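Enquirer:
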Amino acid sequence: MNSIELLPPACARLLHEKARRKLSFAQIADQLGHDEVWTAALFYGRATPSLKDIHLLADMLNLSPETLEEDFRMAGPPTREVIASTTTDPVVHPFQEAISLYAPAIRTVIVEKLGDGAVDTSSMKVRVEKVPRRKGNDVRLILESGFAPFQSW
């Protein structure tokens with residue numbers, strides 16, 4: 014998980030305002046017209062906003078669009094470093110890369126929806142679906158698992 018101090022200033026500012034206003038990534042994504050995981054990835058410096066996104070976020074979070082725009086410009090391209098893959102298999106590798114790349118966003122969205130806890134891989138169900146497209150087929154991977162909230166004592 015990214016430490017907020019290590020994030021670009023624009024991302025730290027967005028996360029601060031999101032928390033201060035008690036907004037979920039689903040609420041923000043709805044206003045932007047994007048998926049909530051992509052929106053979380055943006056807040057963690059792993060996606061690039063359009064100018065329209067920047068202005069919508071600035072308006073929603075009462076931030077200066079000029080400052081936010083400059084912060085994103087100064088940050089450069091998003092951080093898309095991934096943990097070295099354990100395989101070069103052309104079918105498995107993209108999934109390992111995607112999980113590594115979007116891990117902070119996925120984790121945050123899970124915590125927002127279910128609370129702090131752990132996903133149980135021992136009971137995980139995995140489904141693969143073929144998604145017909147005009148120019149060939151896509152693949153949809155669905156992971157479904159138990160979730161155990163962390164307990165206080």
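Using the numbering used here, read the sequence shown as starting at 14 and increasing by one per residue. The beta-carbon is built from N, C-alpha and C at its ideal position, and this holds for glycine as well. Being a predicted model, the structure only gives us computed values, none of them experimental.
In terms of residues, what are the limits of the alpha helix (DSSP H) holding Pro22?
Expert: Here the alpha helix (DSSP H) through Pro22 covers 22 to 33.
Enquirer: Would you grab the beta carbon distance between Pro162 and Asp129 for me? Rounded to a whole angstrom, and I think it's under 8 Å.
Expert: Cβ-Cβ separation between Pro162 and Asp129: approximately 7 Å, consistent with a contact (criterion under 8 Å).
Enquirer: Unbroken beta strand (DSSP E) runs of length 3 or more, entirely within the segment 68 to 152: which are they?
Expert: Runs found: 130 to 146.
Enquirer: Between Ile67 and Leu81, is the Cβ-Cβ spacing less than 8 Å?
Expert: yes
Enquirer: Using 10 angstroms around the beta-carbon of Ile41, count the other beta-carbons present and answer buried if the total reaches 16, otherwise exposed.
Expert: buried
Enquirer: Pro145: buried (16+ other C-beta within 10 angstroms of its C-beta) or exposed?
Expert: Pro145 should be labelled exposed.
Enquirer: Any chance the segment 82 to 90 sits against the segment 102 to 110, with 3 or more Cβ pairs inside 8 Å?
Expert: no
Enquirer: Could you please give me the residues that DSSP links to Gly58 through a beta bridge?
Expert: Its beta-bridge partners do not exist; DSSP assigns none.
Enquirer: Can you find at least 3 beta carbon pairs, one from the segment 113 to 124 and one from the segment 47 to 58, that sit closer than 8 Å?
Expert: A contact between stretches requires three or more CB pairs, one per stretch, nearer than 8 Å, and the segment 113 to 124 meets this requirement with the segment 47 to 58.
Enquirer: Hey, would you say Val122 sits closer than 8 Å to Glu30, going by beta carbons?
Expert: no
Enquirer: Could you give the C-beta distance for Arg59 and Pro91, rounded to a whole number, given that I count them as a contact under 8 Å?
Expert: 5 Å
Enquirer: Grouping DSSP H, G and I as helix and E and B as strand, with all else coil, what is Leu36?
Expert: coil
Enquirer: Out of Arg34, Asp72, Lys138, which one is the CA nearest neighbour of Leu156?
Expert: Residue Lys138 is the option with its Cα nearest to Leu156.
Enquirer: Is DSSP giving Met14 helix, strand or coil here?
Expert: Confidence at Met14 is low in this model, with a pLDDT of 46, below 50, so its placement is unreliable and no value can be given for it.
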